[in-house]
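Structure, as structure tokens:
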Amino acid sequence: MLETYKAESGHFEPVWTLEIQTLPEDTDRILDAVMKVHPLGYGRYHRNASISATGCETAQPQAHSTTTAHKAGYTAGQTETYPMVELKISIERDLGALEQVMDAVLQVHHYEQPVIFLREDWASRAAYNPDNTNPNRWWNNGRGLPDQLD
94 MLETYKAESG HFEPVWTLEI QTLPEDTDRI LDAVMKVHPL GYGRYHRNAS
144 ISATGCETAQ PQAHSTTTAH KAGYTAGQTE TYPMVELKIS IERDLGALEQ
194 VMDAVLQVHH YEQPVIFLRE DWASRAAYNP DNTNPNRWWN NGRGLPDQLD
């Protein structure tokens, strides 16, 4: 149904969204690794991603897990809680691209069993016009772009 959706403002494309839980300081490393195999394009922009505010992840590593093998003094079944963010990226629904992206993520992720969710989504694509006179666009609204984060 969305394959035939066509509005003046644009259309939707089928994508896979990967939601990757990771440490806040590891997002750039993951994105850099993915960029070696995929441009993470969104319209005419590359390296597009969304990074949530820092929250926490919690788990109870079981016997024979990496935690029990490598964390001194850890007893299996104890609850651990660590800071984390959700890094969201989207790619076209192409199995070869997904395999390359997942290999890149798993190679540089700090966990041997990272929490990654894969969803089938539809991403909007605007009817691109860099000379658009819409007063709400950042180049027309008098405010410009927001300040960049460091």
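Whatever position you read off the sequence shown (first residue = 1), add 93 for our numbering.
Just so you know, even glycine gets a beta-carbon here, dropped at the ideal spot from N, CA and C.
Fair warning: this is a prediction, and the values are worked out from it, not measured in the lab.
Tell me whether residue i is buried or exposed, calling it buried when 16 or more other Cβ atoms sit within 10 Å of its Cβ.
i: Ala219; result: exposed
i: Ser183; result: buried
i: His203; result: exposed
i: Pro228; result: exposed
Would you kindly work out how many angstroms separate the C-alpha atoms of residue i and residue j, rounded to a whole number?
i: Gln114; j: Met177; result: 6 angstroms
i: Tyr175; j: Ala152; result: 9 angstroms
i: Ala165; j: Thr159; result: 11 angstroms
i: Ala216; j: Val108; result: 6 angstroms
i: Ala162; j: Glu179; result: 27 angstroms
i: Val201; j: Leu191; result: 16 angstroms
i: Phe210; j: Pro223; result: 34 angstroms
i: Arg186; j: Val208; result: 20 angstroms
i: Glu173; j: Gly134; result: 36 angstroms
i: Thr189; j: Met128; result: The sequence as given places Gly at residue 189; Thr does not occur at that position. Rounded to whole angstroms, Gly189 to Met128 spans 15 angstroms at the Cα level.
i: Gln206; j: Asp240; result: 36 angstroms
i: Ser102; j: Cys149; result: 38 angstroms
Whose CA, out of the options, lies closest to the CA of residue i?
i: Val198; options: Glu185, Tyr221, Leu124; result: Leu124
i: His104; options: Leu95, Asp243, Gln171; result: Leu95
i: Asn141; options: Met195, Leu188, Thr120; result: Thr120
i: Ile144; options: Ala156, Leu116, Thr168; result: Leu116
i: Thr147; options: Asn225, Asn233, Glu118, His157; result: Glu118
Would you check if the distance between the CB atom of residue i and the CB atom of residue j is smaller than 8 angstroms?
i: His131; j: Gln193; result: yes
i: Arg122; j: Tyr221; result: no
i: Thr110; j: Asp214; result: yes
i: Lys181; j: Glu106; result: no
Round the Cβ separation of residue i and residue j to the nearest angstrom and send it over; I've been treating them as touching at under 8 angstroms.
i: Trp231; j: Leu242; result: 16 angstroms between Cβ atoms; not a contact.
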